[in-house]
Amino acid sequence: MGYDRAITIFSPDGRLFQVEYAIEAVRQGTTAIGVKSKDGVIFAVEKRRLPLQEYIGSEKLFKIDDHVGVAIAGLTADARTLVDQARVHAQVNVLSYNEKVSILETTRDLCDQMQLYTQNAGVRPFGVSLLVGGVDPDNGTKLFLTDPSGAFWGYHACAIGNGSPAAREYLSKEYNPDMSLEELKKLTINTLKEVVEGDFETDRFEIAMISTEDKLWKLLSVEENQALLDSLEE
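Residues 36 to 269 (the numbering used here) are what the sequence shown spells out, left to right.
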């Protein structure tokens, strides 16, 4: 009893309950998917909003630098703080070393910050997980999953959020590392369709991509999303 009242106290079986509660906040978040191949990285996120609500303030896709971005599940406010730090880190790297920051270094910096909030009294863990992906300066594509504990893992394809168990199962069956960017887009859409309840229209998802050809973050427009949906029915 009482072991979940402070982040600095381990339970007798070695658990930090506040971290586990933060992980549960991620599980309750909207579904986010990241996939990569040699041609680039694709992010797709589920959108939820009330009929009268604007999308401003509830974004789930963020650009860190031209060549790197994130998709998030969990508390958006927590994610914005981490994203702002990652953006500063990316620009400091350019000013200090005259080169783009690597995807791994960006992930490590994010996770170092998240880990600090698991060992200091008076704070709480970040209630968010991020899929960090992009194209490294050496043209290699990378995709990492971060955890509220500060741990991270590399993936070819991954999903987080409320629908992640079904999405990961679908990805494990359908993903192929040799897929083109167009095939990856269709894969992410089909994966979201497996987990999103109700009608699946363009207002239910967003997609962003970074290709190895131009190494630029691009958020697909509503028209491009509709064309992608139409192509699935052909």
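No residue lacks a Cβ here, since even glycine has one placed at the ideal position from N, Cα and C.
Residue 150 and residue 109 look like a contact to me (Cβ under 8 Å); what is the Cβ gap, rounded to whole Å? In the sequence shown, residue 150 corresponds to position 115, counting from 1. In the sequence shown, residue 109 corresponds to position 74, counting from 1. Not confirmed; about 16 Å, so no contact.
If you compare alpha carbons, which of 161, 248, 263, 83 is closest to residue 173? Taking the first residue of the sequence shown as 1, we reach residue 173 at position 138. Considering only alpha carbons, the answer is 248.
Nearest-angstrom Cα distance between residue 133 and residue 126? Translated into positions along the sequence shown, residue 133 becomes position 98. Translated into positions along the sequence shown, residue 126 becomes position 91. Between residue 133 and residue 126, the C-alpha separation is close to 10 Å.
Under a Cβ-count criterion, where at least 16 other Cβ atoms within 10 Å of its own Cβ denotes burial, should residue 182 be classed as buried or exposed? Numbered from its first residue, the sequence shown carries residue 182 at position 147. Buried, because 16 or more other Cβ atoms sit within 10 Å of the Cβ of residue 182.
Okay, do the stretch 220 to 234 and the stretch 89 to 98 touch, 3+ Cβ pairs below 8 Å being the bar? no
Mind checking who residue 135 pairs with in its DSSP beta bridge? In the sequence shown, the residue the question calls residue 135 occupies position 100. DSSP lists no partner for residue 135.
Apart from the five residues just before and just after residue 84, which ones in its own chain have a Cβ nearer than 7 Å to its Cβ? Here residue 84 corresponds to residue number 49 of the sequence shown, with the count starting at 1. Answer for residue 84: 90, 93, listed in chain order.
Using the C-alpha atoms, what's the distance from residue 37 back to residue 244? For this step, residue 244 is matched to residue 209 along the sequence shown. For this step, residue 37 is matched to residue 2 along the sequence shown. So the two alpha carbons sit approximately 45 Å from each other.
Quick check: the Cα distance between residue 212 and residue 73, rounded to an integer number of angstroms? Along the sequence shown, one-based indexing puts residue 212 at 177. Along the sequence shown, one-based indexing puts residue 73 at 38. The alpha-carbon atoms of residue 212 and residue 73 are separated by roughly 8 Å.
Can you give, in chain order, each stretch of the alpha helix (DSSP H) that sits fully within the stretch 175 to 214 and has at least 4 residues? 199 to 209
Bounding residues of the alpha helix (DSSP H) (the contiguous stretch that carries residue 52): For this step, residue 52 is matched to residue 17 along the sequence shown. Per DSSP, residue 52 belongs to the alpha helix (DSSP H) from 52 to 62.
Is it right to say residue 208 is buried, meaning 16 or more other beta carbons lie within 10 angstroms of its own, or is it exposed? Taking the sequence shown and counting its residues from 1, one reaches residue 208 at position 173. Looking at its Cβ environment, which holds fewer than 16 other Cβ atoms inside 10 Å, residue 208 is exposed.
Quick check on the burial criterion: 16 or more other C-beta atoms within 10 angstroms. Buried or exposed for residue 53? By 1-based counting over the sequence shown, the position of residue 53 is 18. When all chains shown are included, residue 53 counts as buried.
At least three beta-carbon pairs within less than 8 Å, the stretch 109 to 118 to the stretch 254 to 263: no
Express the C-alpha separation of residue 197 and residue 187 in angstroms, rounding to a whole number. Taking the first residue of the sequence shown as 1, we reach residue 187 at position 152. Taking the first residue of the sequence shown as 1, we reach residue 197 at position 162. Each residue's Cα considered, the two are about 19 Å apart.
When 130, 165, 129, 158 are compared against residue 67, the one with the closest alpha-carbon: Translated into the one-based positions of the sequence shown, residue 67 becomes position 32. Comparing Cα positions, the closest option is 165.
For residue 82 and residue 238, the rounded distance between their alpha carbons: The residue you call residue 238 lines up with position 203 of the sequence shown. The residue you call residue 82 lines up with position 47 of the sequence shown. So the two alpha carbons sit approximately 7 Å from each other.
Considering only residues of the same chain and omitting the five flanking positions on each side of residue 35, which have a CB-CB separation below 6 Å? There is simply no residue 35 to check, as the chain begins at 36 and stops at 269 in what is shown.
Integer-rounded CB distance, given that residue 106 should sit under 8 Å from residue 80: For this step, residue 80 is matched to residue 45 along the sequence shown. For this step, residue 106 is matched to residue 71 along the sequence shown. Yes, residue 80 and residue 106 are in contact; Cβ-Cβ is about 5 Å, under 8 Å.
Does the separation of the CB atoms of residue 250 and residue 170 fall below 8 Å? As a first step, residue 250 must be located in the sequence shown, where it is residue number 215. As a first step, residue 170 must be located in the sequence shown, where it is residue number 135. It is a contact, given that the beta carbons lie within the stated cut-off.
Determine the direct distance from the alpha carbon of residue 103 to that of residue 75, and round the result to whole angstroms. Reading the sequence shown from its first residue, position 40 is the one you call residue 75. Reading the sequence shown from its first residue, position 68 is the one you call residue 103. C-alpha separation (whole angstroms): 11 Å.
Within 10 angstroms of its Cβ, does residue 78 collect 16 or more other Cβ (buried), or is it exposed? Within the sequence shown, numbered from 1, the residue matching residue 78 stands at position 43. Buried, because 16 or more other Cβ atoms sit within 10 Å of the Cβ of residue 78.
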